[in-house]
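Just below is one structure, and these are the notes that go with it.
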Amino acid sequence: MALIKMSDSEAAKESWFWSWFRWSRSSYSMLRAAEKKILSSLRTAYRGWYVDIGPVIGPTGDRVWTVSLNEEAKISDDSLDGSPPKTRVPIVLLHGLGSGSALWVLNFDALAATRPVYAVDMLGFGRSSRPTFSSDAMEAEQQMVRSVEEWRREMQLDSMILLGHSMGGFIAASYAIKYPKRIKHLILADPWGFPEKPADLHLKTAVPLWVRAIAFVVQPLNPLWAVRFAGPFGQWLIQKTRPDIISKFSHVVPGEENVISQYIFQCNVQNPTGESAFHAMMSGFGWAKNPMAPRMDNLHKDVPVTLVYGSRSWVDNTAGEEIRKRRAGSYVNVQVITGAGHHVYADKSEIFNRHVLEACEYSDPSSPSILAKIRSRASLSNLSKSIGERSSKSNLRAEMETGEEEEDDEDGGIRMKKTADSPDKS
């Protein structure tokens, strides 16, 4: 009997130990709930659902979590030939490392005012499937590119404006090089992995010996391993180590100051396959094994490129000017937003949205121009208020103004539907 009790005790200890690190269904539920809270601040109707893209990487089938807004946006063009209005070119958003589609919340309303918007959780991240990527840098990169292409095929998008932040910018550029006919405009927001790693980096940077020793020890580990190692304290760790990220979104959902840290934690506490792919592609955190800037020579000359950097970011923005010089004769627009850091889309969201809207307008040459309004700062302020400036009013008030309510799908998707009556308060 004593032996049985001892085994039970050891089993309990083992279960507790592994449950400290292990992904659970409760974490998935919390990720879904956190995303829903963040997106509740939107004034534009949205829907979220899984797009099945088949066995692109995984042996059975991969699913990409997708959030969309204003899918049926048309160009209000009074054509003389009586032809029906054309659908505006959609914009597709690819997030950065350790992120997910909900962190575009400060951009959704503004971008969706003029065209369809699609944001995806890239494979290996967020609510999407977590297949095992190759450990080879180029193959892992191409697997991500193929997943984006299969998603596009399933969505039946003939062409798109592709916007990627950080690692998402790296993948977006690689996709544009391989599938240039599908890209109306490539927008890179503080993209990671573009400049080549300096050969004499160790001579230029005075790094203490103890820091180099720690870096050497943790080099084999994924970049966000500490968040998972912290177990239940991972969310607290994010709050304490990255309060800057939390503060960027503090006004999004009044009374829910912890929802962003909860979302980021839940995005990164499960099986980190996308993070492992990033680890395979990187050469030191700030550089890629296959840097993108020299490869931009292979991008078709007719693909317009806009690069938006933050002046306070750790990303080297000289790559933008290098690309401009390399692509002489092609459209390359480089913008550096003063006071913005690496998360340029959130630090100065209104200015960032203006640059993106200008790039999008460039891709709709037949549409009536709103560029004059966008370029005017005064008009931009009014435009932002009318198309989705963050409101301090409750979500119920926002739903009443738009006449929408939400319902959950069987697979955890969220669909916003028009209603004639007041929204259901339950």
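If you count by the UniProt record's numbering, then the sequence shown holds residues 1 to 426, one letter each, in order.
Glycine residues also receive a C-beta, built at the ideal position from the N, C-alpha and C atoms.
Short Cβ contact (9 Å threshold) for residue i with residue j
i           : j           : result
residue 115 : residue 70  : yes
residue 35  : residue 102 : yes
residue 316 : residue 88  : no
residue 335 : residue 30  : no
residue 120 : residue 157 : no
residue 287 : residue 193 : yes
residue 123 : residue 64  : yes
residue 306 : residue 269 : no
residue 191 : residue 172 : yes
residue 132 : residue 58  : yes
residue 313 : residue 284 : no
residue 37  : residue 257 : no
Nearest-angstrom Cα separation, counted from residue j out to residue i
i           : j           : result
residue 112 : residue 278 : 30 Å
residue 339 : residue 149 : 35 Å
residue 126 : residue 294 : 30 Å
residue 311 : residue 271 : 34 Å
residue 186 : residue 162 : 5 Å
residue 308 : residue 134 : 30 Å
residue 184 : residue 304 : 7 Å
residue 319 : residue 188 : 11 Å
residue 260 : residue 174 : 29 Å
residue 99  : residue 109 : 19 Å
residue 143 : residue 356 : 27 Å
residue 60  : residue 273 : 16 Å
residue 251 : residue 43  : 15 Å
residue 343 : residue 350 : 13 Å
residue 249 : residue 325 : 36 Å
residue 262 : residue 170 : 26 Å
residue 139 : residue 41  : 38 Å
residue 39  : residue 177 : 32 Å
residue 275 : residue 141 : 12 Å
residue 62  : residue 152 : 14 Å
residue 86  : residue 354 : 23 Å
residue 321 : residue 292 : 13 Å
residue 32  : residue 247 : 21 Å
residue 327 : residue 46  : 37 Å
residue 27  : residue 164 : 27 Å
residue 330 : residue 362 : 13 Å
residue 73  : residue 90  : 9 Å
residue 128 : residue 280 : 20 Å
residue 182 : residue 145 : 13 Å
residue 323 : residue 48  : 35 Å
residue 337 : residue 264 : 25 Å
Integer Cβ distance of residue i from residue j, believed to fall under 8 Å
i           : j           : result
residue 154 : residue 52  : 7 Å
residue 282 : residue 289 : 7 Å
residue 96  : residue 160 : Contact flag wrong, Cβ pair sits at about 19 Å.
residue 346 : residue 106 : 5 Å
residue 50  : residue 92  : Between residue 92 and residue 50 the Cβ distance is about 16 Å, and since that is not below 8 Å, they are no contact.
residue 147 : residue 56  : 5 Å
residue 299 : residue 195 : At roughly 16 Å, the Cβ-Cβ gap does not stay under 8 Å, so residue 299 and residue 195 are not in contact.
Three-state secondary structure assigned by DSSP to residue i
i           : result
residue 40  : coil
residue 364 : coil
residue 57  : coil
residue 252 : coil
residue 89  : coil
residue 352 : helix
residue 387 : Unreliable positioning characterises residue 387 in this predicted model, as indicated by a pLDDT of 39, which lies under 50. The coordinate reading is nonetheless provided below. Correct three-state label for residue 387: helix.
residue 219 : Note that residue 219 scores a pLDDT of 47, beneath 50, so its modelled location is shaky; the value from the coordinates is reported in the next line. Residue state, collapsed to three classes: coil.
Near the ligand MG: residue i beta-carbon under 8 Å from a heavy atom
i           : result
residue 110 : The ligand MG is absent from the structure shown, which contains no ligands of any kind.
Which runs of the beta strand (DSSP E) at least 3 residues long sit entirely within the stretch 131–192? Give them in chain order. Taking only runs of at least 3 residues, the beta strand (DSSP E) segments lying wholly in the stretch 131–192 are 160–165 and 183–189.
Complete runs of the alpha helix (DSSP H) confined to the stretch 260–339 [at least 4 residues]: Fully enclosed alpha helix (DSSP H) runs of 4 or longer: 273–281 and 318–326.
Mind pulling the alpha helix (DSSP H) runs of 4 or more residues that sit fully within the stretch 96–129? DSSP assignment within the stretch 96–129 yields the following whole alpha helix (DSSP H) runs of 4 residues or more, N-terminal first: 105–112.
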